[in-house]
Amino acid sequence: MDILIIGLGVIGTTYASVFKEAGHNVEHYIREGSDKKDITNIEVTLLDGRESSKGIQVKNKYTVNPHSKKEYDMIFVSISQGKIANVMEMLRKEAFKGTILLCCNLWYDKQYLDKIMQGYDYILAFPVAGGCIKIKREGLVTKAELDCCLFDHFMIESKNKTTISNYEAICNLFKSSNIKLENPYNMLEWIWIHMAINAAVISVIGKNGDINDSITSVHKLINSLKLLATTIKTIRETIKIAASRGINMKYYRNELWVYKLPAQLSAIFMKRMFATNNLTRRIMELHGNIDDLLYICNSVYKEGKINNISAPIFYQYLEDITRRITNK
Numbered sequence: 001m002d003i004l005i006i007g008l009g010v011i012g013t014t015y016a017s018v019f020k021e022a023g024h025n026v027e028h029y030i031r032e033g034s035d036k037k038d039i040t041n042i043e044v045t046l047l048d049g050r051e052s053s054k055g056i057q058v059k060n061k062y063t064v065n066p067h068s069k070k071e072y073d074m075i076f077v078s079i080s081q082g083k084i085a086n087v088m089e090m091l092r093k094e095a096f097k098g099t100i101l102l103c104c105n106l107w108y109d110k111q112y113l114d115k116i117m118q119g120y121d122y123i124l125a126f127p128v129a130g131g132c133i134k135i136k137r138e139g140l141v142t143k144a145e146l147d148c149c150l151f152d153h154f155m156i157e158s159k160n161k162t163t164i165s166n167y168e169a170i171c172n173l174f175k176s177s178n179i180k181l182e183n184p185y186n187m188l189e190w191i192w193i194h195m196a197i198n199a200a201v202i203s204v205i206g207k208n209g210d211i212n213d214s215i216t217s218v219h220k221l222i223n224s225l226k227l228l229a230t231t232i233k234t235i236r237e238t239i240k241i242a243a244s245r246g247i248n249m250k251y252y253r254n255e256l257w258v259y260k261l262p263a264q265l266s267a268i269f270m271k272r273m274f275a276t277n278n279l280t281r282r283i284m285e286l287h288g289n290i291d292d293l294l295y296i297c298n299s300v301y302k303e304g305k306i307n308n309i310s311a312p313i314f315y316q317y318l319e320d321i322t323r324r325i326t327n328k
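Numbering (the UniProt record's numbering), first residue to last: 1 to 328.
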């Protein structure tokens, strides 16, 4: 399969490396002026969850191939802070063609999303991976290191909810890469719920730790039953905000049941999960893109305020975090 990855971000590059490993042709579009424009090789440290639920750590070198044509079978778009319109403007300007796999946090409704994506066939998805890229300059050479983790599954819109012509080919791409696909009832609603849950977790971590020190702050959370119980209560608030967008929550019971248990009991389950699941713990430790974290939180916060949803813990925590960031 011919694949174009937009940019050289964590998610795109993580999946690019496993697609290439599976024998697919993978190329990158990197805009002029980007600090990643001159990167030709990336040292990858991957906690790989495809063969083991605990993850197997592997190291390899990924060679970055720049785009060589205008038409691809699939264009992989994972952009932070919901900046999809910027990417689409670039794709039209460069006249790239291909089915777009759109897999990132976004708080847009379907009507607005269709308007942004006009002229392109696209399918919604969501990555189950994370990490961080460090860039170092040594003289005229730009070096990059990707520290990432990858789960054995990937969320994607079901076939009956999309009109793309190469759905099976995209499914086979992931199958060949030893990644299972999961289909939520509605992919866009699932992303909203996922963002709402993340917003709650981020707000508790940020309130009780340092949002700029993700590893220390995450460890403080996952080792405290009290903070985990507060997280459960905050998640209940943000889920109500997501539901206020018109989501029928009965279709997402499998994802949400644990948050309906007594908070202390849910906290025990969560503490045990983090203690035994290295992948889940690592993905939280590595998520340090502050602007993207704030995009998630602010999207949920604004929706809650507009729809007059009661979420006192979440609102207070995020307001405190925002004040701390603003006063720095």
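All residues carry an ideal CB built from backbone N, CA and C; glycine is no exception.
query = Would a C-beta distance cut-off of 7 Å place Thr63 and Cys148 closer than the cut-off?
reply = Cβ distance not < 7 Å, so Thr63 and Cys148 don't count as in contact.
ask   = Do you know how far the Cα of Thr163 is from the Cα of Asp213?
value = Those two C-alpha atoms are separated by around 42 Å.
request  = Check whether the Cβ atoms of Asn204 and Thr234 sit closer than 7 Å, and answer yes or no.
outcome  = In the sequence as displayed, the identity of residue 204 is Val instead of Asn. Yes. Within cutoff.
request  = Take the Cβ of Asp292 as the centre, count every other Cβ of all protein chains shown within 10 Å, and call the residue buried at 16 or more, exposed below.
outcome  = Asp292 should be labelled buried.
task = Please list, in chain order, all residues of the same chain as Glu157 whose beta carbon is under 6 Å from its beta carbon, the five residues on each side excluded.
result = Cβ within range, chain order: Ile123, Leu124, Met187.
query = Where DSSP assigns a beta bridge to Met90, which residues make up the other side?
reply = Looking at the DSSP assignment, Met90 forms no beta bridge with any residue, so it has no partner.
inquiry  = Between the alpha carbons of Ile135 and Ile11, how many angstroms are there, rounded?
reply    = Answer to the nearest angstrom: the Cα atoms are 16 Å apart.
ask   = Where do the N-terminal and C-terminal ends of the beta strand (DSSP E) with Phe274 fall, by residue?
value = Not the beta strand (DSSP E): Phe274 falls in the alpha helix (DSSP H), residues 263-276.
ask   = Would you say Asn65 and Glu27 are within 7 Å of each other, going by their C-beta atoms?
value = Yes, Cβ-Cβ distance for Asn65 and Glu27 is below 7 Å.
message = With three or more beta-carbon pairs closer than 8 Å as the criterion, would you say the stretch 266-282 touches the stretch 50-58?
response = Between the stretch 266-282 and the stretch 50-58 there are three or more inter-stretch CB-CB distances shorter than 8 Å, so the stretches are counted as touching.
key: Spatial distance of Met38 from Lys271 (CA atoms)   = The amino acid occupying residue 38 in the given sequence is Asp; Met does not appear at that position. If you take the alpha carbons of Asp38 and Lys271, they lie about 43 Å apart.
request  = Rounded to whole angstroms, what's the CA-CA distance from Leu8 to Pro262? Just pull it up for me.
outcome  = Leu8 and Pro262: Cα-Cα distance of roughly 42 Å.
message = Could you check whether Asp121 and Thr142 sit closer than 7 Å to each other, using their CB atoms as the reference points?
response = No, these two residues do not count as a Cβ contact at 7 Å.
key: Run of the beta strand (DSSP E) containing Phe174, from where it starts to where it stops   = No beta strand (DSSP E) contains Phe174, which is instead part of the alpha helix (DSSP H) from 167-176.
message = By the three-class DSSP mapping on this structure, what secondary structure does Asp48 have?
response = Shown here, Asp48 sits in a strand according to DSSP, grouped into three states.
query = Would DSSP call Met74 helix, strand or coil?
reply = In the three-state reduction of the DSSP assignment, Met74 falls in the strand class.
task = Hey, could you find the ends of the beta strand (DSSP E) Asp38 is sitting in?
result = From DSSP, Asp38 is part of no beta strand (DSSP E); its letter is neither H nor E.
Arg282, buried or exposed, once every other Cβ within 10 Å from all chains shown has been counted against 16 = Looking at its Cβ environment, which holds 16 or more other Cβ atoms inside 10 Å, Arg282 is buried.
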